[in-house]
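Participant: Can you keep this structure in mind? I'll have questions shortly.
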Amino acid sequence: MKNSERIWDCVDEHAADYTALSDRVWAMPELAYGEFRSAEEHRAMLEAEGFRITTDPAGIPTALVGELGEDGPVFAFLGEYDALPGLSQEAGADAPVALPGNGNGHGCGHNMLGSAALLGAVAFAQYLKETGQKGRVRYYGCPAEEGGAAKAFMVRAGLFEDVDAAVTWHPATITRVDDMRSLANTRIDFTFHGRSSHAAAAPHLGRSALDGVELMNIGANYLREHIPQECRLHYAVLDAGGSAPNVVQARATVRYQLRAVDLATLLPVKERILQIASGAAQMSGTTVEHHVRSGVSNMLENPTMTDVMAAVMDRLGPVPYDAADYDYARRLQATMTDEDIEATYLRAGIKNFDDMALCDIVVPKDSPTAPMMGSTDVGDVSWVVPTVQCRVGTWAIGTPGHSWQVTAQGTSGQAHKGLIHAAKIMAGTAVELLEKPELLAAAKADMAAIHARTPYICPIPEGVPVPIIPRPANLAAE
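When you read off a place in the sequence shown, starting at 1, and then add 8, the result is the number in our numbering.
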């Protein structure tokens, strides 16, 4: 108990600097692989704290790794800082008020996510120094979680091979240890090549690439009936072949995203989609090529890690919101539907929150939860390192993910209190694993038992490059 209280004090001693970091990152919303300013903010904080810094890990310019310590087990704190398009929003608003001239916004709270993970890492480093215990703390600045799969590329590059345990979190409407359920996915671009011609004078001489795309989409829609129920197929036409209907389109591209409960289920669906693309090319008289853009694994729960973090959360208790936080949360709830609020109850696995505006309880670990039908590249880390994640209430109950309400709450009182709380949970979990080596050994045994049955296969094939974005000309190179 004494050790838990000291690590929490270490977090509080640094908290103001990292809530300020969160606000700065909120104000510079950058999309996947374009987070140059946000990564620089994190790099500067690491440098100020004395961390050894590795830039461009796995060849990713907006990723970074900071480390302190010379010996002992390696504890990884996973941070993110990418934003989403179309979610610009005025901070603290209780109605949609988009900021002028900027369409991006932190509509998933990643400005908080990275700042809290870095705060937890700094506090844990201070704790190691004070106690003289052997251990290494490593902060992973991970870009492009939103569809870019940066962690999967980082895993493929071997950046986690010597890590003993990993902790992370995600902003949420509830506070609980995560059930570590998510969908594996892959994104694949299909480009059809045909032959242009005059659509009226010589249509028989053309071979329409757009026909290939449309036939593929029809085949994929028929496939939906014949894949496991939990699978998802999404597509977007990236290039329809031009704007002139009187020209037979010679080139067209469609992007598919496939999701499944795990990689073993995903890979056969992927093969069927490839067959459908080939058939569409044959029917349209075109050729087709495909390129994997990204892919992530499903998250893998580690029972020992889950138990350790749940115990830390129970000792720490709920987020200490104040009256102003509740007032703002209730104003935001007035913008939500009953279905939005009920979705929070369903996700938490409890019947109701007694009309609470904010989650001022720690939801029990064993509460049943609704399936999380999204995907995250944390999944790939969880397959190679014992990993645990918590969700901490930084948003009003009922807040839909990827919404203007999330962005509006990004610098609020509940956001600051929640990210500090998350840092305490992550740092406290690392202390427990450090000081009770038998728990760390048990977590590794949990992973070894799973690998004996199901080895890890990276969903991104070797040779697929990181889809990096050039540094903008207005940002000076390091």
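Even glycine gets a Cβ: it sits at the ideal position worked out from N, Cα and C. Since the model is a prediction, treat every value here as computed from it, not as a measurement.
Evaluate D187 with the Cβ neighbour count: other Cβ atoms within 10 Å of its Cβ, from every protein chain shown; 16 or more gives buried, anything less gives exposed.
Facilitator: In the sequence shown, counting from the first residue as 1, residue 187 sits at position 179. It is buried - the Cβ of D187 has at least 16 other Cβ atoms within 10 Å.
Participant: Excluding five sequence neighbours on each side, which residues of the same chain lie with their C-beta closer than 6 Å to the C-beta of H118?
Facilitator: Residue 118 sits at position 110 when you count from the first residue of the sequence shown. Excluding positions up to five away in sequence, the list reads E88, Y89 and D90.
Participant: Taking only the alpha-carbon atoms, compute the straight-line gap between T343 and T181 and give it to the nearest angstrom.
Facilitator: Position 335 of the sequence shown holds residue 343. Position 173 of the sequence shown holds residue 181. If you take the alpha carbons of T343 and T181, they lie about 15 Å apart.
Participant: Taking DSSP as the reference, what is the three-state secondary structure of E486?
Facilitator: By one-based count along the sequence shown, residue 486 stands at place 478. Note that E486 scores 46 on pLDDT, short of 50, meaning its location in the model is unreliable; the coordinates nonetheless yield the value given after this. Note: E486 maps to coil in three-state DSSP.
Participant: DSSP on S204, reduced to helix/strand/coil?
Facilitator: If you number the sequence shown from 1, residue 204 lands on position 196. DSSP places S204 in coil when its eight states are reduced to three.
Participant: Report back the beta-carbon spacing between L167 and P65 to the nearest angstrom; my notes put them in contact at under 8 Å.
Facilitator: Position 159 of the sequence shown holds residue 167. Position 57 of the sequence shown holds residue 65. Indeed, because the Cβ distance is near 6 Å, the residues count as touching under 8 Å.
Participant: On the three-pair Cβ rule with 8 Å, is the segment 436 to 443 touching the segment 266 to 274?
Facilitator: Contact between the segment 436 to 443 and the segment 266 to 274 is absent, because fewer than three Cβ pairs lie under 8 Å.
Participant: Should K278 be labelled buried (16 or more other beta-carbon atoms within 10 Å of its own) or exposed?
Facilitator: Numbered from 1 along the sequence shown, position 270 holds the residue referred to as residue 278. Looking at its Cβ environment, which holds 16 or more other Cβ atoms inside 10 Å, K278 is buried.
Participant: Using alpha carbons as the reference points, say which of R355, V389, R164 and D335 lies closest to M364.
Facilitator: For the purposes of this step, residue 364 is identified with residue 356 of the sequence shown, where counting begins at 1. Comparing Cα positions, the closest option is D335.
Participant: Excluding the 5 residues flanking E238 on each side, which residues of the same chain have their C-beta closer than 7 Å to its C-beta?
Facilitator: By one-based count along the sequence shown, residue 238 stands at place 230. Counting only Cβ-Cβ distances below 7 Å, and skipping sequence neighbours, we find A268 and V269.
Participant: Tell me A180's beta-bridge partners as DSSP assigns them.
Facilitator: Taking the sequence shown and counting its residues from 1, the one referred to as residue 180 is at position 172. Paired residues: G401.
Participant: Which residue comes first and which comes last in the beta strand (DSSP E) that contains V256?
Facilitator: Taking the sequence shown and counting its residues from 1, one reaches residue 256 at position 248. No beta strand (DSSP E) holds V256; DSSP gives it neither H nor E.
Participant: Taking the Cβ atom as the reference point for each residue, do T199 and T295 lie within a distance shorter than 7 Å?
Facilitator: The residue labelled residue 199 in the question sits at position 191 within the sequence shown. The residue labelled residue 295 in the question sits at position 287 within the sequence shown. No, these two residues do not count as a Cβ contact at 7 Å.
Participant: Does F132 come out as helix, strand or coil in the three-state DSSP assignment?
Facilitator: Here residue 132 corresponds to residue number 124 of the sequence shown, with the count starting at 1. Helix, per DSSP.
Participant: Looking only at its chain, what residues have a beta carbon closer than 7 Å to the beta carbon of R280, apart from the 5 residues adjacent to it on each side?
Facilitator: One-based indexing of the sequence shown puts residue 280 at position 272. If we look at R280 and ignore the five residues flanking it on each side, its Cβ neighbours are L231.
Participant: In this structure, does DSSP put S375 in helix, strand or coil?
Facilitator: On the sequence shown, residue 375 is found 367 positions in, with the first residue counted as 1. Note: S375 maps to coil in three-state DSSP.
Participant: Which of helix, strand or coil does DSSP assign to S30?
Facilitator: The residue given as residue 30 occupies position 22 in the sequence shown. Helix at S30.
Participant: Can you tell which of A152, Y148, H50 and A124 has its C-alpha closest to the C-alpha of P93?
Facilitator: Locating residue 93 in the sequence shown gives position 85, counting from the first residue. Among A152, Y148, H50 and A124, the Cα nearest to that of P93 belongs to A152.
Participant: Might you give, ordered along the chain, the residues of its own chain that have their beta carbon closer than 7 Å to the beta carbon of V255, omitting 5 neighbours on each side?
Facilitator: Taking the first residue of the sequence shown as 1, we reach residue 255 at position 247. Cβ within range, chain order: S204 and A207.
Participant: Quick check on the DSSP output: the alpha helix (DSSP H) that includes V392 runs from which residue to which?
Facilitator: For the purposes of this step, residue 392 is taken as the residue at position 384 of the sequence shown. Where V392 is concerned, the enclosing alpha helix (DSSP H) stretches over V386 to V392.
Participant: So, with DSSP's three-state summary, where would you put E57?
Facilitator: Here residue 57 corresponds to residue number 49 of the sequence shown, with the count starting at 1. Here E57 sits in coil by DSSP.
Participant: Quick check on this structure: which residue in V400, A174 and E55 has the alpha carbon closest to the alpha carbon of K452?
Facilitator: Locating residue 452 in the sequence shown gives position 444, where the first residue counts as 1. Comparing Cα-Cα distances from K452 to each of V400, A174 and E55, the minimum goes to A174.
Participant: Name the one or two DSSP bridge partners that S302 has.
Facilitator: Within the sequence shown, residue 302 is the residue found at index 294, counting from 1. DSSP output for S302 lists R195 as bridge partner(s).
Participant: Taking 7 Å as the cut-off, decide whether the C-beta atoms of T70 and F44 are in contact.
Facilitator: Position 62 of the sequence shown, counted from the first residue, corresponds to residue 70. Position 36 of the sequence shown, counted from the first residue, corresponds to residue 44. Taking 7 Å as the Cβ cut-off, T70 and F44 qualify as a contacting pair.
Participant: Just confirm the distance between the C-beta atoms of M321 and V396, as a whole number of angstroms; I'd bet it's less than 8 Å.
Facilitator: Position 313 of the sequence shown, counted from the start, is the residue given in the question as residue 321. Position 388 of the sequence shown, counted from the start, is the residue given in the question as residue 396. The pair is not a contact, with the Cβ atoms about 11 Å apart (cut-off 8 Å).
Participant: In the structure shown, what three-state DSSP assignment does F44 receive?
Facilitator: Against the sequence shown, residue 44 aligns to sequence position 36. Helix.
Participant: Taking P311 as the reference, give the member of I68, A456, Q417 and S302 with the closest Cα.
Facilitator: The residue labelled residue 311 in the question sits at position 303 within the sequence shown. Of I68, A456, Q417 and S302, the residue nearest in Cα terms is A456.
Participant: Pick from N482, V393, P408 and L447: whose alpha carbon is nearest that of I458?
Facilitator: Mapped onto the sequence shown, residue 458 falls at position 450. The shortest C-alpha separation from I458 is found at V393.
Participant: Could you give the residue range of the beta strand (DSSP E) that holds E75?
Facilitator: Stepping through the sequence shown from its first residue, residue 75 is reached at position 67. Counting along the chain, the beta strand (DSSP E) containing E75 begins and ends at L72 to L76.
Participant: Could you compute how far the alpha carbon of A356 sits from the alpha carbon of A124?
Facilitator: Your numbering for residue 356 matches position 348 in the sequence shown. Your numbering for residue 124 matches position 116 in the sequence shown. In a straight line, the C-alpha of A356 is about 22 Å away from that of A124.
Participant: Where does Y230 sit, in a helix, a strand or coil, going by DSSP?
Facilitator: Within the sequence shown, numbered from 1, the residue matching residue 230 stands at position 222. Y230 falls in the helix class under three-state DSSP.
Participant: With a Cβ-Cβ cutoff of 7 Å, do H50 and G149 count as a contact?
Facilitator: Your numbering for residue 50 matches position 42 in the sequence shown. Your numbering for residue 149 matches position 141 in the sequence shown. Going by C-beta atoms, H50 is nearer than 7 Å to G149.
Participant: Can you say whether N112 is buried or exposed, counting buried as having 16 or more other CB atoms within 10 angstroms of its CB?
Facilitator: By 1-based counting over the sequence shown, the position of residue 112 is 104. Buried is the call here.
Participant: For F168, does the three-state DSSP call read helix, strand or coil?
Facilitator: If you number the sequence shown from 1, residue 168 lands on position 160. Note: F168 maps to coil in three-state DSSP.
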